[in-house]
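Residue numbering for the sequence shown follows the numbering used here, starting at 60 and increasing by one per position. In this text, a Cβ means the ideal position worked out from N, Cα and C, and glycines have one as well. In what follows, a single structure is set out as structure tokens and then discussed.
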Amino acid sequence: MNDTGTTLVIGATGTTGSRTAAQLIAAGHRVRAASRRATRFPGAEPVRFDWYEPSGHGDALAGADRVYLVPPVGDPEPAAVMLPFLHQARAAGAQRAVLLSSSAVAASGPGVGVVHEALPGLFDHWAVLRPSWFMQNFTGTHLHARTIREDGLILTATGTGRVGFVDADDIAAVAVRALTDDHAPDADLVLTGPDALGYDDIAGIVTQVTGRSVAHRNLTYEQMRDRLAGSMPREFAALLAGMDRAIAGGAEDRTTDTVQRLTGRPPRSFRTVAERELTPGPA
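Quick look at the structure:
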């Protein structure tokens, strides 16, 4: 990889943004770590960034020649704020953009799919990362992780559907290659782990790793939508519950070789991640 100037990492305190920033820094690249509070990030220049405050976007972009894009969380129509920013980024001299999307959302699809569709026309060098569901949903601060800790339950409307869950560290590793390799992928990249697992499988692995009983309880689409609507806009809750329903129908039952092809190593298994993140360290 060549020296690549400066990367603006949006969402640098988030699940993939923090990992992408850290891996860029470890590889010797300059990073501007963007977050709403300009949180300090070791080895990076912290900058304040809020999708809904465009007056600050120019300052965040200053000196950056590439951008890692994490859409605003919980916004069912992120294109309204993202597309003006991307035009501004291009005008400010950014040459490459890597967008975090989802395996469930194709170009021109709902939500961030509109941004996905526009990206190739805005940048000569680009990539759209479409990871499957994060393994960290069961180990971090996600609703699933909280109900595992508090109730020993995973609640979904996925039935027996399977998902190629992917490690956020592997997503970040692909993002770093897409941002810094001599030639960007200029492609839509679906990222998965090595196995397609059902939520019953996930519950079983968490039980084995932690020694605490965890079960998967299936809900109807309506029950899941209403449950999620208690903590987010109802429209977005309906979108997420609909994704669960799609999983039940087999939409995410797949694995890809993207992590292997772009990083040169196989993706990590869920058991490996669970043992790394759910097993207490030495006292």
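| Asked | Found |
| --- | --- |
| Backbone CA spacing between Val157 and Leu181 [nearest angstrom] | 12 Å |
| Residues bridged to Leu212 (per DSSP) | Ala274 |
| Identity of the residues DSSP links to Phe193 by a beta bridge | Val225 |
| Rounded distance between the beta-carbons of Ala274 and Gly211, thought under 8 Å | 7 Å |
| At least 3 beta-carbon pairs within less than 8 Å: the region 153-168 vs the region 119-134 | yes |
| Spatial neighbours of Arg284 in its chain, beta-carbon cut-off 6 Å, leaving aside the 5 residues before and after | Ala296, Ala297, Ala300 |
| Cutoff 8 Å; reference Tyr111; Cβ partners in own chain excluding five residues on either side | Pro131, Val140 |
| Beta-carbon proximity check, Phe224 vs Leu248, cutoff 8 Å | no |
| Pairwise C-alpha distance: Ala333 and Asp240 | 30 Å |
| Counterpart residues of Ile69 in DSSP-defined beta bridges | Ala93 |
| Endpoints, alpha helix (DSSP H) assigned at Arg125 | Element bounds for Arg125: not the alpha helix (DSSP H) but the beta strand (DSSP E), 125-128. |
| Close beta carbons around Pro137, own chain, < 7 Å, minus the five adjacent residues each side | Pro130, Pro131, Gly170, Val171, Val174 |
| Residue range of the unbroken beta strand (DSSP E) whose run includes Glu104 | 104-107 |
| Gly257 in three-state terms, based on DSSP | strand |
| Asp245 versus Asp183: straight-line alpha-carbon distance, rounded | 8 Å |
| Environment of Gly220 [buried if 16+ CB atoms lie within 10 Å] | buried |
| Asp118 (DSSP reduced to helix, strand or coil) | helix |
| Ser161 (DSSP reduced to helix, strand or coil) | strand |
| Val249: first and last residue of the uninterrupted beta strand (DSSP E) it sits in | 246-250 |
| Cβ separation of Met302 and Ala166, assumed to be a contact under 8 Å, to the nearest whole Å | Not quite, the Cβ-Cβ distance comes to about 17 Å (not below 8 Å), so this is no contact. |
| Status (buried if at least 16 other CB within 10 Å, exposed otherwise) for Glu311 | buried |
| Burial state of Ala85, where buried means 16 or more other Cβ atoms lie within 10 Å | exposed |
| N-terminal and C-terminal residue of the alpha helix (DSSP H) that Ser167 is part of | Per DSSP, Ser167 belongs to no alpha helix (DSSP H) and is neither H nor E. |
| Status (buried if at least 16 other CB within 10 Å, exposed otherwise) for Met60 | Because Met60 sits at a pLDDT of 39, beneath the cut-off of 50, its placement in the model cannot be relied upon, and the following sentence gives the value as read from the coordinates. It is exposed - the Cβ of Met60 has fewer than 16 other Cβ atoms within 10 Å. |
| Residues near Leu178 in its chain [Cβ-Cβ closer than 7 Å; skip 5 each side] | Ala156, Leu158, Trp185, Val187 |
| Check whether Phe193 and Ala227 have beta carbons under 8 Å apart | yes |
| Val187 in three-state terms, based on DSSP | strand |
| Rounded separation between Arg78 and Glu104 - CA only | 15 Å |
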